[in-house]
Amino acid sequence: MKHFVLACLLAGAMQCAQAANSEEDWQVLQKAALAARALSYQGIFVCQSGQKTKSVQIKHYFDGQNEFGHNVVLDGTPREVLSQGGDLVIYNQRNEKVVIEKRRGQNMFPAILPTNLDLVKTSYSVRSGDTERVAGREAQILFLEPKDNLRYSYRFWIDKEYGLILKSVMFNGNNQMMDSIAFNQLNLFNTVDLDWFKPRIDHKKNYVMEDEVPTKADTNISPHWTLKELPAGYRKVDQMIREVHGKPFPVTHVIFSDGLASVSLFVEPLLNGIKPRVGHSTVGNTSFYSNVAGYLQITVLGEVPEVTVAKIANAVVFVK
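Using the working numbering, you'd call the opening residue of the sequence shown number 106 and step up by one each time.
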């Protein structure tokens, strides 16, 4: 009996220790989410996906109230992204002109974690690993592991001094690396002006705005379709109606997220004479799934497992 009681006490102590360690690890991730937005820094990071790699120069400045960012792709065709808060302006060089695109904000490295981790905690568990050096800096490794098969796992290398994510790697269900982003240079950015906050692409070329397609916010589900239960952990975070060039009818775009992974749902009327798209495909790390609900074409895509996009597509129900 004494041995049984002792075993129970030891098991309880171990569970308490594990819970305490987990909470400490979540606090490290919370610090990383805030540091990416509240620190001013500059450096170069390398993105690798499959056989493709690219280097990006980043400058990020926080003045105490507002964020300003400037990312410059250093390989291949010139491309730059200027960001202020949640607004992005993208400069792409195309032949003899520079095309300017405006987009809504999205989380970009190293600010890939949301500042509120509550939704992430429902779908992932966290544990700490060893320490390693990245870009000449000491980093703590944290494993963010899914609680189901509806999302991928991540590994983060977090700067022990700054709190920034220095490296991020995404793994599929077979523990195969899907993509990696890592700093190879990083230092704090000491500045009081915004002279750097402007595009560097050849100013001799003509700058033109990309033809903007009308987009309007839409918080209502269409009267012609509705959503059944979503995959566990995913929530709707945005919805809009887009006018798409070449399509006679507007397309409804709904975005879902588990706090880290994002999935897009597109709903549009089927067109006479056009064969519906049905089935699954994969391009790089992005899973696609298409099916039909009534007279609607359903398309879902995201950097998530096939089962996730299929579940979201099949959650769309046609309403007569």
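Think of the CB as a built atom: it goes at the ideal place given N, C-alpha and C, for glycine as much as any other residue. All figures in this text were calculated on a predicted structure; none of them were measured in a lab.
Taking the alpha-carbon positions, what's the residue i to residue j distance?
i, j, result
"Arg260", "Gln162", "22 Å"
"Glu51", "Val356", "As displayed, the chain neither begins before 106 nor continues past 425, which places residue 51 out of reach and without an answer."
"Leu365", "Leu139", "15 Å"
"Val421", "Leu332", "5 Å"
"Asp363", "Leu293", "31 Å"
"Ala122", "Lys352", "Residue placement at Ala122 is poorly supported in this model, since its pLDDT is 48, which falls under 50; the coordinates are not used for a value here."
"Pro304", "Val186", "8 Å"
"Thr387", "Asp180", "25 Å"
"Ile215", "Ala244", "Note that residue 215 is Pro in the sequence shown, not Ile. Pro215 and Ala244: Cα-Cα distance of roughly 14 Å."
"Val424", "Asn396", "16 Å"
"Ile360", "Thr404", "12 Å"
"Ile417", "Ser228", "16 Å"
"Arg238", "Val274", "15 Å"
"Glu411", "Arg256", "9 Å"
"Gln290", "Ala240", "5 Å"
"Val178", "Tyr400", "42 Å"
"Asp223", "Asp264", "22 Å"
"Ser367", "Gly389", "16 Å"
"Val151", "Glu172", "22 Å"
"Asp253", "Val194", "36 Å"
"Gly191", "Met213", "11 Å"
"Ala398", "Arg382", "11 Å"
"Val349", "Leu376", "14 Å"
"Asp235", "Ile286", "19 Å"
"Ile246", "Ser258", "13 Å"
"Gln132", "Arg199", "44 Å"
"Glu250", "Arg232", "8 Å"
"Gly338", "Tyr196", "35 Å"
If residue i and residue j are in contact, beta carbons under 8 Å, what's the gap, nearest whole angstrom?
i, j, result
"Ile306", "Pro183", "5 Å"
"Phe276", "Met282", "6 Å"
"Thr413", "Pro336", "5 Å"
"Ala137", "Phe167", "The Cβ separation is near 15 Å, so there is no contact."
"Tyr146", "His165", "5 Å"
In the DSSP assignment, the alpha helix (DSSP H) including residue i goes from what residue to what residue?
i, result
"Asn197", "Unbroken run through Asn197 is the beta strand (DSSP E), 192-199; no alpha helix (DSSP H)."
"Thr227", "223-228"
"Ala420", "Element bounds for Ala420: n/a, residue is neither H nor E."
Per DSSP, residue i forms a beta bridge with which residues?
i, result
"Ser188", "Gly174, Leu193"
"Arg340", "Ser362"
"Lys380", "None; Lys380 has no bridge partner."
"Lys159", "Cys152"
"Phe214", "Paired residue(s): none; Phe214 is not in a bridge."
"Trp330", "Phe423"
"His385", "Tyr394"
"His165", "Tyr146, Gly174"
"Glu237", "Ala244"
"Arg232", "Phe248"
Ends of the beta strand (DSSP E) at residue i?
i, result
"Asn396", "391-398"
"Pro251", "242-251"
"Val274", "270-276"
"Glu334", "Looking at the DSSP string, Glu334 is not in any beta strand (DSSP E), and its letter there is neither H nor E."
"Glu373", "367-374"
"Phe288", "282-293"
"Gly407", "401-407"
"Lys258", "In the sequence under discussion, the amino acid at residue 258 is Ser, which differs from the Lys named in the question. Ser258 -> beta strand (DSSP E) spans 258-264."
With a cut-off of 8 Å, does the C-beta of residue i fall near any C-beta of chain C?
i, result
"Arg199", "Absent from the structure is chain C; it holds one protein chain and no more."
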